[in-house]
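Protein sequences, first through last, are from chains L and V. Our numbering runs 566 ahead of the 1-based position in the first sequence. Our numbering runs 566 ahead of the 1-based position in the second sequence. Note that the Cβ used here is the ideal one computed from N, Cα and C, for glycine as well.
There are 2 protein chains.
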Amino acid sequence: MRPHELPEIRHLPLFRDMLQANFEALMQGAYAQAFPAALELIREGDPADFLHVVISGTVELYARWGGRECTMAVIRPLGTFILAACIKDAPYLMSARTLERARIVLIPTSDLRAIFRRDPEFAVSVIQELAGCYRAVVRHAKGLKLRTSRERIASWLAHRSALCGNVASFVLPVEKRLLASYLGMTPENLSRALKSLEADGVTMDGMRITITDRARLHALAKPDRLIDGPDPAGASSGSHPPSVGNEG
Amino acid sequence: MRPHELPEIRHLPLFRDMLQANFEALMQGAYAQAFPAALELIREGDPADFLHVVISGTVELYARWGGRECTMAVIRPLGTFILAACIKDAPYLMSARTLERARIVLIPTSDLRAIFRRDPEFAVSVIQELAGCYRAVVRHAKGLKLRTSRERIASWLAHRSALCGNVASFVLPVEKRLLASYLGMTPENLSRALKSLEADGVTMDGMRITITDRARLHALAKPDRLIDGPDPAGASSGSHPPSVGNEG
DNA sequence: GTTGCCGCTTGATCCGAATCAAGCGCGCTG
DNA sequence: CAGCGCGCTTGATTCGGATCAAGCGGCAAC
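Here it is, written out as structure tokens:
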């Protein structure tokens with residue numbers, strides 16, 4: 567592991583409050599590894615061997631069933647994923663693949679489980695992290711059940727714009743087909759719906775989105791903090807801006 | 567609170583490992599209350615004041631947005647709900663209402679948060695509980711995104727039959743309109759789809775479901791432990807059989 | 001017993017979104 | 001620079017599911 571990486575990890579909400587000795591013990595068994603783009607890191611159903619920390623690059627969490635596949639979340643630096651499976655010592659529910667070249671730190675689950683049992687501060691951090699992940703997925707499920715495709719797109723755009731500081735124009739952080747999958751629709755449908763949103767205050771040029779009429783967009787999106795977040799920035803959930811969805 | 571209730575709560579996975587003194591402290595501020603049917607217990611968006619424990623009766627967790635509404639989970643005795651909101655001291659993401667007369671114990675969140683910080687065993691139980699809830703919602707979301715309505719019904723029926731000990735015939739534990747909402751469809755569609763499942767090995771008479779051809783049902787449902795569960799019965803998640811979905 | 005309500009079913013129709021099928025444009029590779 | 005692959009768009013069509021609208025049947029209140 568590189569010298570600058572350790573302090574970065576240490577600074578994550580998940581690790582920042584634990585005892586130094588325990589952090590060191592945890593990192594003892596951990597190692598960093600570089601992966602090429604489009605590589606499958608985790609296959610759902612496999613036993614949870616490692617907690618993953620994304621140091622650089624981007625990782626997609628997705629799920630498969632029958633022939634179908636869908637994106638569940640995108641993890642960016644510095645973020646962790648599949649904490650819950652590690653803690654329950656249960657099979658991964660989601661697969662993971664790199665979207666681009668990525669550097670990832672792998673922490674053995676056995677160490678993890680041993681240490682949160684004897685470091686109460688770390689246990690509290692794990693609790694906060696898990697509660698945040700839980701609420702993120704609940705939000706995602708609410709969006710899927712309560713909103714139509716157009717509404718999901720509109721509110722995602724509104725939310726994304728807010729994340730960037732209420733800018734009127736921004737560039738999509740991921741491929742459209744991935745965004746479509748995350749939002750629960752086909753690429754074709756996303757494409758059409760995006761164009762149809764011109765009537766609701768959004769224009770598009772390639773990957774660049776421009777909000778021409780925020781009021782009209784909001785009228786359609788009806789943004790709701792109980793779906794779109796965020797949680798009032800509490801003690802948790804990291805500094806990294808979640809770009810597509812972060813429920814790892 | 568009644569004399570027999572305290573030991574029952576104490577026996578829940580969430581509370582069974584904590585120190586007796588801390589359990590008593592927690593119960594000090596708690597109180598039980600009886601609610602009539604169809605009463606709104608929690609309105610989403612409100613601050614999380616109490617962790618709820620269902621002693622008897624049934625509680626529905628649901629979400630609202632715009633004019634619409636959908637069922638997210640059903641909690642039966644002895645089960646807890648909205649742990650995550652309590653822990654994050656954040657607004658509830660879901661509303662809750664009684665489906666029938668219910669008796670519920672309310673535990674102040676301030677006590678809860680104070681105690682898991684000083685009782686490591688309790689913290690571990692909270693971790694296990696949250697991880698379980700997280701995985702339950704991930705499963706639910708996977709089902710919504712990867713399966714069609716008919717497939718969701720088929721796999722719910724298969725799962726339900728398995729829960730009852732692989733019986734061929736059982737009675738629906740909830741109203742059909744609620745089941746429809748939980749499965750992400752309209753009552754009309756559930757009704758039609760159920761009838762159409764006759765071709766796939768399921769017949770229905772009122773609330774009674776009979777599986778006439780398990781093989782054919784499974785061919786449609788393609789049951790998957792990564793969606794339908796369960797987690798290999800680990801240290802968590804209680805003894806109570808979740809009937810519709812339990813992600814509280 | 002009668003009445004009215006509510007949940008369920010059934011039918012007809014409409015709409016949103018998936019699917020199927022080309023074509024386009026950009027970037028990579030040879 | 002040419003060729004090709006891949007992601008995106010666009011169009012035509014199909015299909016699943018929602019919506020609208022009645023009618024049925026059980027159950028509770030009066």
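9 Å Cβ cutoff met for residue i and residue j
i	j	result
residue 825 of chain L	residue 696 of chain V	No answer is possible for residue 825 of chain L: it lies beyond the span of chain L, which begins at 567 and ends at 814.
residue 629 of chain V	residue 638 of chain L	no
residue 657 of chain L	residue 791 of chain V	yes
residue 641 of chain L	residue 671 of chain L	no
residue 627 of chain L	residue 650 of chain L	no
residue 704 of chain L	residue 754 of chain V	no
residue 667 of chain L	residue 600 of chain L	yes
residue 721 of chain L	residue 756 of chain L	no
residue 787 of chain L	residue 724 of chain L	yes
residue 610 of chain L	residue 659 of chain L	yes
residue 615 of chain V	residue 674 of chain V	yes
residue 810 of chain L	residue 739 of chain L	yes
residue 785 of chain V	residue 681 of chain V	no
residue 654 of chain L	residue 797 of chain V	yes
DSSP bridge partner residues for residue i (one or two, in chain order)
i	result
residue 713 of chain L	Paired residues: none, contrary to the question.
residue 776 of chain V	V/735, V/769
Sequence-distant residues of the same chain with beta carbon closer than 8 Å to residue i, five excluded per side
i	result
residue 801 of chain L	Caution is warranted here: a pLDDT of 39 is assigned to residue 801 of chain L, below 50, making its placement in the model unreliable, and no coordinate value can be reported.
residue 761 of chain L	770
residue 567 of chain V	593, 596, 597, 598, 671
residue 712 of chain L	793
residue 683 of chain V	689
residue 586 of chain L	none
Member of the options whose CA lies at the smallest distance from the CA of residue i
i	options	result
residue 635 of chain L	V/709, V/608, V/720, V/794	V/709
residue 589 of chain L	L/740, L/678, L/754	L/678
residue 606 of chain V	V/624, V/573, V/652, V/682	V/624
residue 652 of chain V	L/609, L/701, L/681	L/701
residue 577 of chain V	V/610, V/646, V/609, V/608	V/646
residue 733 of chain L	L/675, L/777, L/680	L/777
residue 570 of chain L	L/613, L/622, L/608, L/618	L/622
residue 727 of chain L	L/712, L/586, L/774	L/774
residue 758 of chain V	V/719, V/602, V/573, V/811	V/719
residue 648 of chain L	L/682, L/669, L/613, L/680	L/613
residue 617 of chain V	V/574, V/741, V/676, V/587	V/676
residue 603 of chain V	V/748, V/789, V/692, V/665	V/665
Proximity test, residue i beta-carbon vs the ligand SAH heavy atom, cut-off 8 Å
i	result
residue 578 of chain L	With respect to the ligand SAH, the structure shown offers nothing to examine, as it has no ligands at all.
Own chain partners of residue i with C-beta closer than 6 Å, once the 5 adjacent residues on each side are dropped
i	result
residue 584 of chain V	685, 687, 688
residue 782 of chain V	766, 767
residue 750 of chain L	710
residue 779 of chain V	767
Nonlocal neighbours in the same chain, by C-beta distance under 7 Å from residue i, ignoring five residues either side
i	result
residue 743 of chain L	753
residue 795 of chain L	705
residue 737 of chain L	773, 774
Residue ranges of each beta strand (DSSP E) within the segment 597-677 of chain V, 3 or longer
Correct list: 597-601, 606-608, 616-622, 625-631, 634-641, 645-647, 661-664, 668-674.
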